[in-house]
Amino acid sequence: NAPSDHSLEQIIAKFIAWGILTALSYHLLAGVRHMVMDLGYWEEIKSGGLSAKLVFVLTVVLSALAGVWLW
4 NAPSDHSLEQ IIAKFIAWGI LTALSYHLLA GVRHMVMDLG YWEEIKSGGL
54 SAKLVFVLTV VLSALAGVWL W
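Just so we're aligned: 21 in the working numbering is position 18 of the sequence shown, and the numbers increase by one with no gaps anywhere.
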């Protein structure tokens, strides 16, 4: 294998790992949101929408942190 092949494989592996970490982050945050809603909080339209947006924002932050950590 040429060094460039190894570099490409490493980049692909990091991208896959980043995608998995991003998906797991979203799944964890959305799961916590769902459990909070099961307790009777954030069930109204306004607070539910805000909590959904918060999940997306936190997922982006965790995704960026995962990218920094991997690269």
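Idealized CB from N, CA, C, for every residue including glycine.
Bear in mind the structure is a predicted one, so any value in this text is a computation, not a measurement.
Proximity winner among the options, relative to residue i (alpha-carbon distances)
i	options	result
F59	W21, A16, A26, M38	A26
W72	F18, S10, S7, G52	F18
A33	S7, L53, W74	L53
Backbone CA spacing between residue i and residue j [nearest angstrom]
i	j	result
E12	R36	36 Å
A20	L57	23 Å
L42	L61	21 Å
G51	I14	38 Å
M40	E46	6 Å
Y44	W74	38 Å
Nearest-angstrom beta carbon gap, residue j and residue i [assumed within contact, 8 Å]
i	j	result
A69	L24	4 Å
S66	S10	Between S10 and S66 the Cβ distance is about 23 Å, and since that is not below 8 Å, they are no contact.
Any chain C beta carbon closer than 8 Å to residue i
i	result
H9	Absent here is chain C; the protein component of the structure consists of one chain.
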